[in-house]
Every structure is written in structure tokens, then in C-alpha cells.
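Participant: Before I ask anything, let me first share the structure, which is written out below as C-alpha cells.
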Amino acid sequence: MIRRKHSVVIFLCTTIHYNGNDNHYQCNKVNIVIITIGRKRSIKMYSQTIQQKTLSIKDLITVGIFSALFFIFMMIGSALFAPNPVLTFLMPAGAALLTGPIYLLMIAKVPKFGPILILGILLAIITFVTGMYWLWSLACIGVAIIGELIAAIGKYKNISINILSYIVFALHPMGSYVMLWLNQQAYKEYLVGQGTEQAYMDTMLTTAQNWMLPTMFVGTMLCALISGLLGKKLLRKQFEKSGVLA
Amino acid sequence: MNKGEELQGNMHMHVFTFKLDPRTKIYLLLLVNAAVFLSPSFQFERILMAIILSLCFLMGMFSFSLKMMLGYGLILGVHLVSEMFLSGAWELMFVSFTMFIRKIFPCVVMGGLLVGTTKINEFMTALGKIRISKKVIIPLAVMLRYFPMIGEDWRYIKDAMKLRGISPSIIGFLKNPVQTVECIYVPLLMAASKIADELSAASIARGIENPKERTCFQHVSFQFSDSIVMFIFTFFVFGGVFIC
Amino acid sequence: MLKIEQYSFHYTDEKSEGIENINIHVKKGQCILLCGKSGCGKTTIIRAINGLIPYFYAGKLKGQVLLNNQPVENRKMYELSEQVGTVFQNPRSQFFNVDTDSEIVFGMENMAYPKEMMEERMRQITSELRLERLRRRNIFHLSGGEKQKIAFASVYAVAPDIFVLDEPSSNLDAAAIEDLKGMIALLKMQGKTIIVSEHRLYYLKELIDRAIVLNKGQIVSVYSQKDFLQLSDLQLRQLGLRTLYLDNVQFQHKSLPAEQKVHELVVKDVTISHKKRKVLENIQFTAKSGEIIAITGHNGAGKTTFARAICGLHKLSSGNIYFNKQKLTLKKQAQLSYMVMQDVNYQLFAETVEKECVFGVKNVNPNLVRKVLEEMDLLELVNRHPNTLSGGQKQRLAVAASLISEKEIIVFDEPTSGLDFDSMQKVSSILQNLAEANKIIFVITHDLEFIASCCHRILRFGDGMKQDDYKLNKENHQYTIETFTR
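Protein chains in written order, with this note's numbering: chain A, 101 to 346; chain B, 390 to 633; chain C, 34 to 519.
Right, here's the structure in full:
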């Protein structure tokens, strides 16, 4: 047993990061060793772990699981609309309608930089690998980056900013539909070749462009907002009290 | 295991199928995406589909190839019918839709080929070899392995809902929107959180954080067949863009 | 080899009990049993040994755990996992992969074993653990016992010196428990050190060297194998433990309530299929109010499918079910019945205990709600979120909900899995109270002591048919015990 004349408090940090922005030291683990004098001749050690700012394995696994749920709900939401030629443009709205609570709960569980980005990358991989057009995958990563930055503004704890982040994120399926507008020239030539009247087709295409694209955007954002508000309600009502956010 | 491997396993018959490295398949998928983007003519697309379907057959995905062939034929059929019998706005909508599907069809088939002939473990290793961060690979692995569990969880929740007199259907939703929504989200998300915790503890206790580079039990390496297939596809895509 | 010295730990979130002043010395090659009442701290000790405390679970810690004279605390988890292998309680949430082969090699891949070494090791463990039938299969298609085997094989592959098993027999039937016993015996033969935390003790009696009994986070007593086996059933119960000798299980023969037959459930010519395969054929029986009927049989015999069919959750391929002479539709069945599932979490939907009780109920009677909550001992918890309750409390909440919905048929799926003796008795008395309230109760269970404690009748399924259907009495209880140990 070590005996000392004075009680000494020693902080031992196993790893120290200097966080330049906030001007303070951050420890991964703090071992507080208190060596007491006199009567108590024992060494007492108290250990507490402090949350790190980087993603831990638990965070990564949480992101994986919630991404799975996100994807499934997205599929269910869009399955109603996507195969239907008339209603297919409602697909992004459908996809956005069901996934809000999952997105918000994920950020609540892992309020750090990374989950949204990883979710975007995972969606990008899945959409790519299942043969959806690459622009969708690109859009997934794009909205994920923007979504991540938005959520970071509120330090991941401000629910309204998180909902805004979700609204932006939910626009990712637009990447797939943008393809319809890309090959416009070839499309026009083809249709004219089929005998459609030039003038008629021009007006149709312009009206389509004028009302379809904005409708899709607005519709999707509206559905995302509804889903986000639902998520907020569920968080407040149930998840915050259930001990799941610990 | 796809049908080809099954046949080989069960019948000890030498059904000619071969394997491709997952990285090759990813490359092919990229190529097909580029091909669709650059597509100069309908003829080009048809030949592209033919090549992809032949590859599917050679890799043992028989029923899949047949279904995709039928699907493609169906889309072309709907396209023709819409052109002949519809007009105006309806024609525009239908034709746009079928053209859209027709365009991405090669990608979908190639994607199906990748998913159907690659084991999850192989895929993970391949991604690791392309130096994709562990921060993406681990969530991806967890995601893929959690999908079937969502199905199981949902079955239990459906049962529980029925026993409480809440119908897990659209009609139920209309009758009782708040309760139905709560029933669907709450147990699933709670179960998800719990499993995330337990799985993390278990994975950590089995050494997942080891900084050494993971080895792979499955064989993942380039072979001669990979080079041939890559060459054929590249040649066709870039040659075809100019020729067709 | 393993020393735990004056170890105390208390969780910051206080969700589970902490442990106080634990001192355990384990020599190499020994098999130690940790047992005691629920919440006694067994799992906490296991987490201390495999390093998850303090790495994964935050809290206040005193004392130390020494592995080969080196403290566990500051070791990296992945280094520790080479020496301490843990098989967790629930295989479902410890599998990282979708197919068995990948899962078995998961540990080895993490440790970057070269491919040839992995292949060689795979060959070795396939033969040592007899895994031939389990190779190259989808994990989701395996039974509980098979999953447990794969989890075990995955840890075994890395050949750690210490094996830590957390309630390994939780979801296993008699046959799978025999397999488990064999695997532990194999480990002993190889000189491995084994630490098992368990409720079900009978299968371990020949294997343990020492038994450590805990209560409320402290060590109550330590027994050598010889002394432990000599404890009487009464002494075991006082310690909160289950029986060691299945043959000694005492049956309580409650007589059925006097013939005030209120309700009658008749199952006639029923065939149930699952995925185009006939699971049960030609089932006939009659059940009356006040009966507690145990549904038994090996895993895969169709017990859960049968229970779901009774509750109207699974369509009958042929035959009918009648309640008080009235033919039942699926919808009516769901109205009459309720199932308390093995994992109650899937059944709890609301944000407070009170709201949970009335969830989905059309005409709420507040007096009934209060009465039921009082009976179930949940009255002080009315405003708590159901997810914050303990396992037993959640179970009682599910039962409360069924009573308030005035269900007549209640099915319990493995309600005593992982419970100590007192908790098992509590569940037993809940069932008996329900029976006295004229409900028809079915219990799917492998727990012989539980059956002995409260069941009137046994319904045993196997090979697609009803194999046994008899009322428990003095003459046949030996037969019952035999069917459980077979």
C-alpha cells in the first residue's frame, strides 16, 4: 500500500484531444485516482467514461439498424406509387411520408457528425447496387451532406432544425426523376419521329416541366414536413420518456 | 446460393457457371450506368440487354434471367400499345413512363445479378479492398443483416395489434390513425434501439474494433474470367456508342 | 488465473443492480457457476470479466479484475476477446452475419487470422462440435438450439482460455440442453476455464467445480460441487435457486374449480399448416374455464403455431374451433383471446402504464382499470413509461391489458424463461388467479417446475400430432418428468 502525507488528486487521461474550436481538452476516459492518507490505507479508483465526439462502434451499429428501418419504410411508402405510370411522380412524396420519425430518432440517439452522411452513403450504395440510376445515388450523398450541415447548425439537438434537415434529405428520390428531364433533346426528337405534332408536344413538355417538377418538390417537402412533425410528436410523447435515448 | 450453384451442388453435374469478383460486378454496373446515359439508339440498348442477360445465364441465374426477359418484353409491349392506342396527355405519360423503365432496365438487371450472385461477406470484403471506410462497411453489414429481423419483428407487432383490436391495414389506419401509427412505430423503434445496444456489446466483445485489417474467409480475388468479362463489356459499351 | 478482488460497480443509469465487494478466485480449468435470484448481479460480474465494464457500461467502479495477474480494466477490448470469449444470452442479437459460415469465422476475421489458418480451424471445429448440418445455412432459418451452437462455435473458433456463458440454456428444449451440456464437457476436457451464469441448474450438476450464490449484488455463499449437490430443495429455494434434480420436482395438485363450467372451447378436426407444410394434423380437444393447460413438446413441434391458431392469428387449414357451441371466425377469436408473448416489448404501445391498459379498448371502465392494476401490483407505476419497467412488470402489464379487454382465453408463451424460483412462483399465482376468474389459460413452456406448480393439464405435441393430453395427477407425474428429460 502506498502511503502519502497529503491527499492527492491525480487526473489521468488516457487520451487527450485538443478541440481547437471550443478551446478545451477532451478526454476519452478519465481515471480519477484518489490516494488518501492515514486511516484509509487503500487506493480507491473511480472510473467514468465520457462520451467521445467521434463515432463509436455502438453509434455505427445504431446507424446501420436505423438505416435498415429507414430503407424499409421508404420502400413501403414509395411502393404504392412507383409502379404506376400515372402516379409515379408521387413516389418521392410517398417515400418521404413515412421515414421522418426514424430519421429524427437516429439523430437523437447519435447526436454527432456522421449518421446522416452514413445514411446517405448507405442509401446511395443500395440504390446503385439495385440498378437505380446513378443520379439517385449521387443525390443521396448530396442531400446527406447538406442535411448533415443543417443539423450541425443546431448541434444536432434542435428538433426544428433537424426537421429542416430531414426535409432536405427527403428530396433524394428527385435524383432519379431528374433523368426524365436530362435527355430532353433525344426525347423530343423521338416523339416527333413518332408523329406527335411539334407544337403540341412543345406545350405539353413545357407545361409538364412547369408544373410537374415544382409539384414534386413541394409535395415531397410537404410530406417530409408532416413526417417530421409526426416524428417530433413521437419523440416527445414516447421516446424521451422511455429511456431509449440514454 | 443461386440456382446454378444449387444444381452443381445437388447433381454433381458440371453445369457451366463461373464466379466473378464483386469488384468486377461493381465495375460492370458503373459501365452499364454510363452506357444508359450515353445510349445513342434503341438498337444499342437492345444489344446491351442481350449481353447482360447472357451473362446472367452464364452465371447461373436462370429463372431470374427468364423473368427479366419477360419483363423487358412486357415493357416494350406496353410502350407499343400506348403509342398505338393512346393519344395526348395519356400517351405522353405512359410513353414517358415506359421509356424511363426501359432505360433503367439494364441497370436493374445488372443490379439483380450483383445481388443474386454475391454473398454479403464477399461484398463487404470487396468494399474493404476498394478502401471504403470501416465507418461505412460496419453500418452496411448491420443494415443488411437487420432486414430479415424487421420482418420478424413486424409479424409479432401485427399479431399484438390484432389482439388489441387494431387492424394493421389501411382501413385500420383510417378508423384509428393515431393508434395505428403509434403501434407501428413505437415497438419497432424500441426493439431497434435495444438490439443496437445488445449487438454492439456482443460485437465489441468479439473484437470488432481490432485495428488490424480484416481477413476474409471467402475467396475474393481477380481471375482470368474477370478480365475477359470486363474487357468485353468495356469494348462493347464504348465501341457501341460510336458505332450504333 | 482469474481474480476478482474487492470489486464493486454501480451503473450510472441505475437500470440494473450493482455489485458490492466481490471476491472470486478462479484457477485454470475450473468451471464456476454464478447463480441467485433475478437481479443479483450475475450479468454484471460477467461484464466485469469480459471487459464490457467499464468500457461499454458507464458507472462507478472499485477494486479490480485480474486476468493472469494483469488488470482487465485498461486492456483493449479486442485484445481481451482473444482470451475471454463470451456467449451472450440472446443469440438473435449477437449475430453479426446472415449465414452460419460467416458468423463462425467472424471472430477469427476480426483478429486477422490468415486464410489458411481459418480454413484449417473451420475444419477442426466442424468435426469437434459436429456442425456438419449447420454449415452454409441461413441463420434466420435455424432453431434456437442451433443458433446457440453457432454462437458457441464462433467463440470456440478463437480458442480463448476463458469461456463466459450468460444463461446459455434460456431458450432451449431438452435435446438442445443435452447438446449444450456436451459442449461444456468438451471445454472442460480441453482444460478451459468456464464461468456460467444460470437459472436452470440441473444440467450443470456434473460439470461445475464451484457454485457461487449471489443476492442483491453480494456473494451469499460459495459451495464446492459436493456440498452444492447435497443442498435440499428447500435450501435451494431459500437461495432463490431452481431445482438440481428434475426427478425431485414436487407437483402441486390443485383440483379444478367445482363444476361451474362457464365457458368451453372445443377444437375439432383441426389441421394447421405453415408455409405449405402440415405442422399439426387432426387435433381434437376440449378446454373448460378455469383450466391451466401446459403446451409442451420439443422445439419445432408446432406449439407456437398452435397457440397462434387458437388466438385467431393463424388460419386453420381445416377443422373448426367452437366457443360455447358457437363456431369462431378469426376475428372473433382475436376478440376472445390474448397472447402474452415471450418478448413482451412487441405488445406495449402506449406512453404510460395507464394508457397501455386502455389502448384499443372502446368503453373504458375506470374502476376496472384500478382494480386490475392493483391486482397486478402496478398501481404505483401508473404514470411510468412501459419501457422503463422490469421484465416481470412488463409481463404483468400485458396481463392487465388482457383483463381490461375482458378476454376469455389467455395464452402465455414461455413466461418463466430466465426467472428465478420466486419470480416463477409469482407468475404461477397470477395464472392461478386468472383461472379462478374463469379464464381458459394455455401456457407454452419447458419449465418443469412451473408446470408442477400450477398446471392442471398437459397437451404435448410432436411429429405433427397431439401426442399426449392428460390431466396431471399423482400417477402420471413420473411420466411427465420422463417426457421432459428424454
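Glycine is no exception: its CB is placed at the ideal position from the N, C-alpha and C atoms.
For lysine 524(B) and leucine 160(A), which I take to be in contact (beta-carbon distance under 8 Å), what is that distance rounded to the nearest angstrom?
Facilitator: So it is a contact: roughly 6 Å between Cβ atoms.
Participant: Tell me phenylalanine 475(C)'s beta-bridge partners as DSSP assigns them.
Facilitator: For phenylalanine 475(C), which the question treats as bridged, DSSP gives the partners Ile326(C) and Val444(C).
Participant: Give the DSSP-derived three-state secondary structure of glutamate 297(C) in the structure shown.
Facilitator: Correct three-state label for glutamate 297(C): strand.
Participant: Pairing CB atoms from the stretch 519-539 of chain B with CB atoms from the stretch 167-177 of chain A, are three or more of them under 8 Å?
Facilitator: Yes, the stretch 519-539 of chain B touches the stretch 167-177 of chain A.
Participant: Within its chain, find whatever has a CB closer than 8 Å to the CB of glycine 319(A); leave out the 5 residues flanking it on each side and keep chain order.
Facilitator: Here the set comprises Leu190, Pro192 and Ala193.
Participant: Short check: CB of isoleucine 57(C) to CB of aspartate 242(C), under 8 Å?
Facilitator: No, these two residues do not count as a Cβ contact at 8 Å.
Participant: For phenylalanine 613(B) and serine 443(B), what's the separation of their Cα atoms in angstroms?
Facilitator: Whole-angstrom Cα-Cα distance: 18 Å.
Participant: If we cut at 8 Å on Cβ distances, does threonine 77(C) have a partner in chain A?
Facilitator: For threonine 77(C), the answer is no, since every Cβ of chain A falls outside 8 Å of its Cβ.
Participant: State the Cα-Cα distance for the pair glutamine 500(C) and serine 322(C), rounded to the nearest angstrom.
Facilitator: About 23 Å.
Participant: DSSP three-state label for valine 59(C), please.
Facilitator: The answer is strand: DSSP assigns valine 59(C) an E or B state.
Participant: Within the 8 Å Cβ cut-off, does phenylalanine 631(B) reach chain A?
Facilitator: So, not an interface residue.
Participant: Whose C-alpha, out of Asp480(C), Met498(C) and Ser486(C), is nearest the C-alpha of histidine 232(C)?
Facilitator: With distances taken between Cα atoms, histidine 232(C) lies closest to Asp480(C).
Participant: Which residues, in chain order, does the stretch 440-463 of chain B contribute to contact with chain A at a C-beta distance below 9 Å?
Facilitator: Within the stretch 440-463 of chain B, no residue qualifies.
Participant: When the cut-off is 8 Å and only beta carbons count, does phenylalanine 606(B) lie next to chain C?
Facilitator: Taking Cβ atoms only, chain C reaches closer than 8 Å to phenylalanine 606(B), which makes this a yes.
Participant: Within the chosen definition, does the stretch 330-339 of chain A reach the stretch 565-575 of chain B through at least 3 CB pairs nearer than 8 Å?
Facilitator: Counting Cβ pairs under 8 Å, three or more are found: they touch.
Participant: Taking the beta strand (DSSP E) that cysteine 605(B) belongs to, which residues open and close that run?
Facilitator: Per DSSP, cysteine 605(B) belongs to no beta strand (DSSP E) and is neither H nor E.
Participant: Starting from cysteine 487(C), trace the beta strand (DSSP E) in both directions and tell me its first and last residue.
Facilitator: That residue, cysteine 487(C), is in no beta strand (DSSP E); its alpha helix (DSSP H) goes 481-487.
Participant: Consider the Cβ of lysine 551(B): report whether some Cβ of chain C lies at a distance smaller than 8 Å.
Facilitator: For lysine 551(B), the answer is yes, since a Cβ of chain C falls inside 8 Å of its Cβ.
Participant: List, in chain order, every chain A residue whose beta-carbon is nearer than 8 Å to that of histidine 43(C).
Facilitator: Under the 8 Å cutoff, chain A gives no residues; its nearest Cβ is about 10 Å from histidine 43(C).
Participant: Please compile the residues from chain B whose C-beta is within a distance smaller than 7 Å of the C-beta of leucine 169(A).
Facilitator: Those within 7 Å of leucine 169(A) in chain B are Ile539, Leu577 and Ala581.
Participant: For threonine 77(C), which three-state DSSP category applies?
Facilitator: If DSSP states are grouped into helix, strand and coil, threonine 77(C) belongs with the helices.
Participant: For glutamate 136(C), count the other beta carbons within 10 Å of its own beta carbon; 16 or more makes it buried, fewer makes it exposed. Which is it?
Facilitator: Buried.
Participant: If contacts are defined as beta-carbon pairs under 8 Å, then alanine 327(C) and threonine 478(C) qualify, I think. What distance do you get, rounded to the angstrom?
Facilitator: With a Cβ gap of about 6 Å, alanine 327(C) and threonine 478(C) count as contacting.
Participant: I need the DSSP call for methionine 457(C), collapsed to helix, strand or coil.
Facilitator: The answer is helix: DSSP assigns methionine 457(C) an H, G or I state.
Participant: Is the CB-CB distance between glutamine 127(C) and alanine 591(B) below 8 Å?
Facilitator: Closer than 8 Å, so yes.
Participant: Below 7 Å between beta carbons is the criterion; list the residues of the stretch 327-338 of chain A that meet it against any residue of chain C, in chain order.
Facilitator: Correct list: Lys337 and Gln338.
Participant: Which residues in chain A have a C-beta closer than 7 Å to the C-beta of glutamate 384(C)? List them in chain order.
Facilitator: Within chain A, the residues near glutamate 384(C) are Lys337, Gln338 and Lys341.
Participant: Report the rounded CA-to-CA distance for threonine 385(C) versus glycine 466(B), giving the unit in angstroms.
Facilitator: Roughly 57 Å separates the two Cα atoms.
Participant: Using CA coordinates, which residue listed in Tyr461(B), Thr413(B) and Tyr545(B) is at the minimum distance from glutamine 375(C)?
Facilitator: The option with the nearest alpha carbon to glutamine 375(C) is Tyr545(B).
Participant: Here's the rule: buried if 16 or more other CB atoms are within 10 angstroms of the residue's CB, otherwise exposed. What is histidine 608(B)?
Facilitator: Result: exposed.
Participant: State yes or no: is the C-beta of glycine 74(C) within less than 8 Å of the C-beta of leucine 269(C)?
Facilitator: Cβ atoms of glycine 74(C) and leucine 269(C): not closer than 8 Å.
Participant: Quick one: residues in its chain with C-beta nearer than 6 Å to the C-beta of valine 397(C), no 5 flanking neighbours on either side, listed in chain order?
Facilitator: So the list reads Val391, once near-sequence residues are dropped.
Participant: Taking DSSP as the reference, what is the three-state secondary structure of phenylalanine 392(C)?
Facilitator: Note: phenylalanine 392(C) maps to coil in three-state DSSP.
Participant: In terms of residue numbering, what span does the alpha helix (DSSP H) encompassing leucine 325(A) cover?
Facilitator: Start and end: 313-334.
Participant: So valine 7(C) and isoleucine 509(B) are supposed to be a Cβ contact under 8 Å. How far apart are they, rounded?
Facilitator: Nothing in the structure corresponds to residue 7(C), since chain C is present only between 34 and 519.
Participant: Give the list of continuous beta strand (DSSP E) stretches no shorter than 3 residues that lie fully inside the stretch 154-230 of chain C.
Facilitator: Listed in chain order, the complete beta strand (DSSP E) runs (minimum 3 residues) inside the stretch 154-230 of chain C are 195-199 and 226-230.
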